[in-house]
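For the numbering used here, add 64 to where a residue sits in the sequence shown, where the first one is 1.
Just below is one structure, and these are the notes that go with it.
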Amino acid sequence: MIGVISAILGVLIVLPRVAYRTWKTQLVLNEMPWLAGILGIVAILRGRGRVWGWLGLGMSLVPYTRLRWAQKNMDAMMVDALGDDYESYIPDVAKKRMTQTRWSLKNTLGAAYYRNYPVRIMRDVVYVQRPTRPLKLDIFMPQVPPVIGDRYPAIIVLHGGGWYRGDKTEHFERHNLHLAAQGYVVFDAQYRFFSVDAAPWDAPLQDVREVIRWVKANADEYQVDTTKIALYGRSAGGQLALRAAYGACGEFIDTSVQAVVTAYAPTDLRLTGYEPDFRVCGLLGGQSWEVPETYADASPIEFVRDDLPPTLMMHGGADSLASYVHAELMLNKLRQTNTPCVVLRVPWGRHGFDAVLPGTGYQLTQYYVDRFLAWCMYHGQTDNPT
Numbered sequence: 065m066i067g068v069i070s071a072i073l074g075v076l077i078v079l080p081r082v083a084y085r086t087w088k089t090q091l092v093l094n095e096m097p098w099l100a101g102i103l104g105i106v107a108i109l110r111g112r113g114r115v116w117g118w119l120g121l122g123m124s125l126v127p128y129t130r131l132r133w134a135q136k137n138m139d140a141m142m143v144d145a146l147g148d149d150y151e152s153y154i155p156d157v158a159k160k161r162m163t164q165t166r167w168s169l170k171n172t173l174g175a176a177y178y179r180n181y182p183v184r185i186m187r188d189v190v191y192v193q194r195p196t197r198p199l200k201l202d203i204f205m206p207q208v209p210p211v212i213g214d215r216y217p218a219i220i221v222l223h224g225g226g227w228y229r230g231d232k233t234e235h236f237e238r239h240n241l242h243l244a245a246q247g248y249v250v251f252d253a254q255y256r257f258f259s260v261d262a263a264p265w266d267a268p269l270q271d272v273r274e275v276i277r278w279v280k281a282n283a284d285e286y287q288v289d290t291t292k293i294a295l296y297g298r299s300a301g302g303q304l305a306l307r308a309a310y311g312a313c314g315e316f317i318d319t320s321v322q323a324v325v326t327a328y329a330p331t332d333l334r335l336t337g338y339e340p341d342f343r344v345c346g347l348l349g350g351q352s353w354e355v356p357e358t359y360a361d362a363s364p365i366e367f368v369r370d371d372l373p374p375t376l377m378m379h380g381g382a383d384s385l386a387s388y389v390h391a392e393l394m395l396n397k398l399r400q401t402n403t404p405c406v407v408l409r410v411p412w413g414r415h416g417f418d419a420v421l422p423g424t425g426y427q428l429t430q431y432y433v434d435r436f437l438a439w440c441m442y443h444g445q446t447d448n449p450t
């Protein structure tokens, strides 16, 4: 029986998404395939269901066979975008606070869940009152000295949820703590949905711009350096982060930021599968051939130009909700400009892979995200003498 279970779990690892309801199970298994492997080993040692055990063990190793390639590709991406010596531009103080390894047994066993972070959390701070509800954010305030000077860089986090659900800090509080412990003030914000708020497509974009303005207006209270602000969005939040950052010109110049990080973000909303995505149709008020101008206006890829903020995009190669093609198309277009762009491809990663903190995908990408953010925030500056 144990061998059969191991084999079933192994099949879920190697197959594309079987059904929407199996997505989260397959997501966890792809990030922690050793769960299936251990059951396979137990079955082999017990001598019962040995064939099934070998099958489960073999399939559990598939993600690990691609790990070395993924690491080499990420190394090359960072060097190509930021330069061979990019780490030399990161202050030593910042380096000491970063993730030190691309993978460790301690983190695989869940160290991030019981680690104590020097961070103070302020919850449910209202940043704007909308007709349907007040919009709030959670603030993660570092209790370590700034890396340079007496102010901190800021990171504004935008959650996912298909533009119709989700909430600030949902699933990612420990990640916010990780960032804040490095010396970033993290603002995890709500925004309006096309569902409960009956909001037009650009309402959440307006909310993101409002968050940026609010952070800048309240910079003194939270010791924020307004010349060092990054947007960090996942899924739908990633689309909003890119759209806000790339559209920060003209009348929106006051919402400019210095870096963008996204995870599994759709970059061209006209791309779809066999059937139109109800989330995109709900957000934009129709299908692409019905409102083509709206689709173009909502797609960050339409706003690529020179002198955009440095951009890092994480994406899973096994993502069936927002295809890796989104990241590839954006990378190809950004490479025609002077904007630094890094794409971290996780070959086995599914949509939401970085929610599994002990997972291989999260550990690997976080190593590079830490360095990318530090390069963007401190490039060309020296260590804090204190």
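Ideal placement from N, C-alpha and C gives every residue a C-beta, glycine not left out.
The model shown is predicted, which means the values in this text are computed figures rather than measured ones.
Name the residue from the options whose alpha carbon lies nearest to the alpha carbon of residue i.
i              : options                           : result
isoleucine 69  : Phe367, Met123 and Thr429         : Met123
tyrosine 181   : Gly423, Ile66, Tyr248 and Gln193  : Tyr248
proline 422    : His239, Asp144 and Gly67          : His239
arginine 367   : Ala391, Thr89, Lys397 and Phe342  : Just to set this straight, residue 367 is phenylalanine in the shown sequence, not arginine. Ranking Ala391, Thr89, Lys397 and Phe342 by Cα distance to phenylalanine 367 puts Lys397 first.
arginine 187   : Asp231, Ala438 and Thr290         : Asp231
arginine 197   : Asp271, Lys160, Pro209 and Gly104 : Asp271
leucine 269    : His242, Leu243, Tyr310 and Ile72  : Tyr310
asparagine 282 : Val325, Leu241, Arg215 and Val344 : Arg215
alanine 71     : Tyr431, Leu241, Asp332 and Gly104 : Gly104
threonine 291  : Arg110, Arg409, Pro217 and Cys313 : Pro217
proline 195    : Leu169, Ala323, His242 and Val260 : Val260
alanine 323    : Val344, Asp371, Thr86 and Leu169  : Asp371
glutamate 392  : Tyr431, Leu241 and Leu335         : Leu335
tyrosine 431   : Thr86, Leu243, Val275 and Gly314  : Leu243
In angstroms with no decimal places, state the Cα-to-Cα distance between residue i and residue j.
i                 : j              : result
leucine 76        : leucine 125    : 13 Å
alanine 134       : valine 433     : 15 Å
glycine 174       : valine 420     : 9 Å
cysteine 440      : threonine 401  : 18 Å
glutamine 193     : leucine 199    : 6 Å
methionine 369    : alanine 100    : The sequence given here places arginine at residue 369; methionine does not occur at that position. In a straight line, the C-alpha of arginine 369 is about 46 Å away from that of alanine 100.
tyrosine 178      : serine 352     : 46 Å
asparagine 137    : leucine 79     : 23 Å
valine 143        : tryptophan 116 : 43 Å
tryptophan 167    : arginine 132   : 11 Å
valine 355        : glycine 346    : 12 Å
glycine 349       : glycine 416    : 26 Å
tyrosine 328      : arginine 298   : 6 Å
tyrosine 286      : alanine 438    : 19 Å
valine 106        : aspartate 139  : 36 Å
lysine 280        : valine 321     : 10 Å
tyrosine 296      : methionine 394 : 17 Å
threonine 148     : glutamine 164  : Correcting the residue identity first, residue 148 is aspartate in this sequence and not threonine. Whole-angstrom Cα-Cα distance: 19 Å.
alanine 176       : threonine 429  : 15 Å
valine 325        : glycine 111    : 48 Å
phenylalanine 342 : leucine 333    : 12 Å
valine 288        : arginine 277   : 12 Å
aspartate 418     : tyrosine 84    : 18 Å
alanine 312       : valine 92      : 37 Å
arginine 409      : alanine 267    : 30 Å
leucine 169       : lysine 159     : 21 Å
Between the beta-carbon of residue i and the beta-carbon of residue j, is there less than 8 Å?
i              : j              : result
tryptophan 227 : threonine 358  : no
isoleucine 219 : valine 250     : yes
tyrosine 442   : isoleucine 66  : no
glutamine 427  : asparagine 94  : no
aspartate 383  : glycine 425    : no
tryptophan 118 : isoleucine 102 : no
proline 411    : arginine 130   : yes
glycine 74     : glycine 113    : no
tyrosine 191   : alanine 145    : no
Please return the same chain residues whose Cβ sits closer than 7 Å to the Cβ of residue i, not counting the five positions on each side in sequence.
i                : result
arginine 184     : Met205 and Gln207
arginine 273     : Ala308, Phe316 and Thr319
threonine 450    : At threonine 450, the pLDDT of 38 sits below 50, so the modelled position is not reliable; the number obtained from the coordinates is stated separately. So the qualifying residues of the chain are Pro209.
proline 330      : Gln303, Ala386 and His390
phenylalanine 61 : Residue numbering for the chain in the displayed model covers 65 to 450; residue 61 lies beyond these limits and cannot be assessed.
arginine 399     : Cys405
leucine 241      : Tyr181, Val183 and Phe204
Once the 5 residues before and after residue i are set aside, which same chain residues still bring their CB inside 8 Å of it?
i              : result
valine 189     : Lys200, Leu201, Asp202 and Ile203
asparagine 448 : Summary for asparagine 448: the model assigns pLDDT 47, below 50, so the residue's position carries little reliability; its value from the coordinates is reported in the next sentence. Cβ neighbours of asparagine 448 beyond the five flanking positions: Pro155, Val157, Pro209, Pro210, Val211, Ile212 and Gly213.
arginine 435   : Met142, Tyr150, Glu151, Ile154 and Met162
tyrosine 128   : Pro97 and Thr424
glutamine 41   : As displayed, the chain neither begins before 65 nor continues past 450, which places residue 41 out of reach and without an answer.
alanine 245    : Arg161, Tyr181, Pro182, Val183, Pro206 and Val208
aspartate 284  : none
Keeping to the same chain, check which residues put their C-beta closer than 6 Å to that of residue i; ignore five residues upstream and five downstream.
i            : result
tyrosine 388 : His379 and Gly381
valine 344   : Leu333
(message) If contact is defined by three or more beta carbon pairs under 8 Å, each pair taking one atom from either stretch, is the stretch 405-415 in contact with the stretch 361-379?
(response) yes
(message) When you compare the stretch 359-375 with the stretch 294-307, are there three or more beta-carbon pairs, one atom per stretch, that lie closer than 8 Å?
(response) yes
(message) Within 8 Å, do at least three Cβ pairs link the stretch 232-249 to the stretch 207-224?
(response) yes
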